[in-house]
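Number of protein chains: 2
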Amino acid sequence: MIRSVLVSLTLIITTSAPVAYARGTGDLGLVIERASGSIQIIETTNNSSLGRVEGLGDLSHASAVYSRDEQYAYIFGRDGGLTKVDIIAQKIVKRTLQAGNSIGGAISQDGSLVAVSNYTPGGVKIFDSGTLELVANIPATYGDEKKTSKVIGLVDAPGKKFVFSLWDANEIWVADVSQPAKPQIEKFKNIGRNPYDALISPDGRYYIAGLFGEDGMALLDLWNLNAGVKRILDNYGKGEQKLPVYKMPHLEGWAMAGTYAFVPAVGRHEVLVIDTQTWTEAGRIKVHGQPIFVMARPDGRNIWVNFAIPNNDTLQVIDTQSLEVIKTMQPGKGVLHMEFEPRGEEVWASVRDKDQLVIYDTETFEELKRLPAEKPSGIFSTTRAHKIGL
Amino acid sequence: MIRSVLVSLTLIITTSAPVAYARGTGDLGLVIERASGSIQIIETTNNSSLGRVEGLGDLSHASAVYSRDEQYAYIFGRDGGLTKVDIIAQKIVKRTLQAGNSIGGAISQDGSLVAVSNYTPGGVKIFDSGTLELVANIPATYGDEKKTSKVIGLVDAPGKKFVFSLWDANEIWVADVSQPAKPQIEKFKNIGRNPYDALISPDGRYYIAGLFGEDGMALLDLWNLNAGVKRILDNYGKGEQKLPVYKMPHLEGWAMAGTYAFVPAVGRHEVLVIDTQTWTEAGRIKVHGQPIFVMARPDGRNIWVNFAIPNNDTLQVIDTQSLEVIKTMQPGKGVLHMEFEPRGEEVWASVRDKDQLVIYDTETFEELKRLPAEKPSGIFSTTRAHKIGL
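So the protein lines, in turn, are chains D and X.
Going by numbering that gives the first Met the number 0, the residue at position 149 of the first sequence is 148; the numbering climbs one at a time, nothing skipped.
Going by numbering that gives the first Met the number 0, the residue at position 22 of the second sequence is 21; the numbering climbs one at a time, nothing skipped.
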């Protein structure tokens, strides 16, 4: 009797244990499954799926950041949902519907605060990363009429800062959250019409907002805030016929190789090359379609690009020395995102319409594996936990 | 009766569990305790010690790398010992005495191979990172007499390569280990007398060996191997009176800010500034003593420097915009190493003669905490798992 109870108990303990098994978290990642409101937990050492977490709401255009220990993911949903997931236990720890319409978030340098940028109501909300309790609310109020702007391009920066742009107000704000309840905000006005997304350099120094309402981009040197916002690439697009924009490109990340930065040209079949020494255009690379994500392999030797419809079945690779396209691949319709493995030897791509993840060797371009996923979009590796501005 | 058995069983299970508890590994690190042949496992979220692992042999001048999942550390001892430690379970998984006298190691881009550079017998041995079985042996044989050289400056590079230098042979070797059992080796000769250490740029492109036997440094562009080794900074040291060298500086890492690289000047109270666009000297910064480690904060805004005896009680911080020393601290005698937290908000320093680790806020330079450690030297954060060349 006692023995059988013990055996049953042992079994119960054994079978209930796997939800919190011990393993390193440096090779983990998650994939947004937008249609089903779920995420898949993946690992990149053997390239496999570890499980699925459901119940995350509307995940169209969702993104994620990680806690500094790489155990927790914070997922920002389009519906204003902010969900904290334990990726070891594979379960939701906490979930809050913090706004009506959101567009991404960031985690502070020290990992203590999570910020979300909102369209409705426009502004930034800041939460304790442990409890998800609201610690600060920054409405994006502007002008004499005290209107509220949509907020985009939110990133973290060194010195416990968040930087973001106001789509309607044409402003960039730098919020110092050293005292979380009392954010110190520095505002830069008239930065250019309708900033649509922004990125920060890997060292956290330069913040650049792309402009949808006019040519050029807005550059802010966070080491020299007194110098204010500088307009760069003013000639970009001038006098040329505008193409229809099928999908807004993303400025997430910062494809940088040596002193060159690579960004998608809005509405054009081109990748722009910026000389970061002079902040002038160093070239344009003809590509297969309107670029969406322009991402550098971690060693900066190649740039990988995906495209808007009707060319979203294609991936292209650019060599950063010759500035030429050296490889074109067609993994299938709906290539929505790519993520490099931590040191760049392999890359994962989500192919929505095939319900697949495709993994490539980045040296040989050989396709290594396909894994099933439900309408996959964003892929986020835990290595982002250690990066500034991602 | 049954209940009491159950309670005891639960207690047993609970108390035996902590050796493999589930937690993220992104905020972990280890500290070499050289005198006692042990390592301390630390975490940087609450800044605490999690435990100690003993029995690692002679750990003077020891260093470490991590598995790509950040669960295992590989520690390279001076006595030729290679020890694989599970940092979650806090125990030695495997240990091998692979040579008589060793000087550091590296892990391949994909994490499958661990390489060790040896003085005796001179060469590089390559091990399977899972089993620690020897998969390749590369003796550093040179010249007509087939002598064997000491090997130094071993780093990993993208494309599954290891790069290292031969102290006695004045050579740099690039080993492609795509087929581990049959390394393809490219040798560069007459690179300059007695390379004493080397570093690789954070993107894995440029390998630079410091020369002890003559002025200047040897530069190899791994993207353009056909161009061969180029001598740079030939004027560095020329015609000046040599100072006695109290301790060889380390070129570990690559302190880089914008286009400047910062390296310790051998035997001088100076940090050299190199313009990486032209590979010429861009300046020299007077510092408190002979620099040992010259390390960039992850955002590149500051450089932290420690020194050889008799100045090893001091740390200095250089601003990379003004190129001036902006802070001097004296944590105590025997400051042997520093390690930044992943996104750079805090830094840990080992103070050997005080048996302490000191933690500073890198923005305010405030001392935050001291923790006990037995004659601490190297500090290694798991974030290195995701970095090229570290």
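Here a beta-carbon is modelled for each residue, glycine too, at the ideal position from N, C-alpha and C.
No experiment lies behind these values; they were computed from the predicted model shown.
Using beta-carbon distances, L27 (chain X) counts as an interface residue toward chain D, with a partner under 9 Å. Non-local C-beta neighbours of A168 (chain D) in its own chain, meaning closer than 6 Å and more than five positions away in sequence, comprise Y141 and S148, ordered along the chain.
Between T313 (chain X) and M328 (chain X) a beta carbon distance of about 7 Å is seen, short of the 8 Å cut, so the two are scored as contacting. DSSP places A260 (chain D) in the strand class (E or B) of the three-state scheme. Relative to the Cα of V324 (chain D), the nearest Cα in the group D:G212, D:V334, D:K285 and D:H60 belongs to D:K285. Take S111 (chain X), set aside five residues on each side of it, and the residues of its chain with a beta-carbon closer than 6 Å to its own are S128, in chain order. Selection D:I358, D:S47 and D:D202 evaluated against G343 (chain X) yields D:D202 as nearest (Cα-Cα). Within the region 219-237 of chain X, contact with chain D at the beta-carbon level (separation under 7 Å) is assigned to W222. Within the region 54-79 of chain D, the residues whose Cβ lies closer than 8 Å to any Cβ of chain X are, in chain order, Y65, S66, R67, D68, E69, Q70 and Y71. Distance from the Cα of E69 (chain X) is smallest, within the candidate group D:P341, D:G36, D:F364 and D:G56, for D:P341.
Going by DSSP, Q355 (chain D) is part of the beta strand (DSSP E) stretching over Q355 to D360. Taking a cut-off of 8 Å on C-beta distances, the region 225-232 of chain X touches the region 186-195 of chain X, as three or more cross pairs fall below it. C-alpha of K93 (chain X) to C-alpha of L131 (chain X): approximately 7 Å in a straight line. DSSP places L131 (chain D) in the coil class of the three-state scheme, outside both helix and strand. Chain X has no Cβ within less than 9 Å of the Cβ of H249 (chain D). In the DSSP assignment, H336 (chain D) falls within the beta strand (DSSP E) that extends over V334 to F339. Interface residue (Cβ-Cβ distance to chain D less than 9 Å): E185 (chain X) is not classified as such.
For T279 (chain X), the enclosing beta strand (DSSP E) starts and ends at T279 to K285. Within the region 114-145 of chain X, no residue places its CB atom closer than 9 Å to a CB of chain D.
Here the alpha carbon of A384 (chain D) sits roughly 16 Å from the alpha carbon of V30 (chain D). Proximity to S107 (chain X) across X:V154, X:N100 and X:G122 peaks at X:V154, based on C-alpha coordinates. Burial is judged here by how many other beta carbons sit within 10 angstroms of a residue's own beta carbon; P182 (chain X) has at least 16 and is buried. Close partners of A384 (chain X) in chain D (Cβ separation under 8 Å): G25 and P341. With its beta carbon at least 9 Å from every one in chain X, K181 (chain D) lies outside the interface. One alpha carbon belongs to S164 (chain X), the other to F75 (chain D), and they sit about 48 Å apart. Beta-bridge pairing by DSSP links I38 (chain D) to D:I31 and D:V52. In the structure shown, L58 (chain D) falls within a coil segment according to DSSP collapsed to helix, strand and coil. Secondary structure of T43 (chain D) (DSSP, three-state): coil. Using a CB distance cut-off of 9 Å, T279 (chain D) does not count as an interface residue toward chain X. The criterion of a C-beta distance shorter than 9 Å is satisfied by I273 (chain D) and I231 (chain D). Beyond the five residues adjoining it in sequence on each side, D318 (chain D) comes within less than 7 Å, by CB distance, of N301 and I325 in the same chain, given in chain order. Under the three-state reduction of DSSP, T275 (chain X) is assigned to coil, being neither helix nor strand.
Using beta-carbon distances, G158 (chain D) counts as an interface residue toward chain X, with a partner under 9 Å. Between the alpha carbons of T43 (chain X) and S177 (chain D) lies a distance of about 18 Å. Neighbours of D109 (chain D) across chain X, judged by C-beta separation under 7 Å: E344. Judged by DSSP in its simplified three-state form, N234 (chain D) adopts coil rather than helix or strand.
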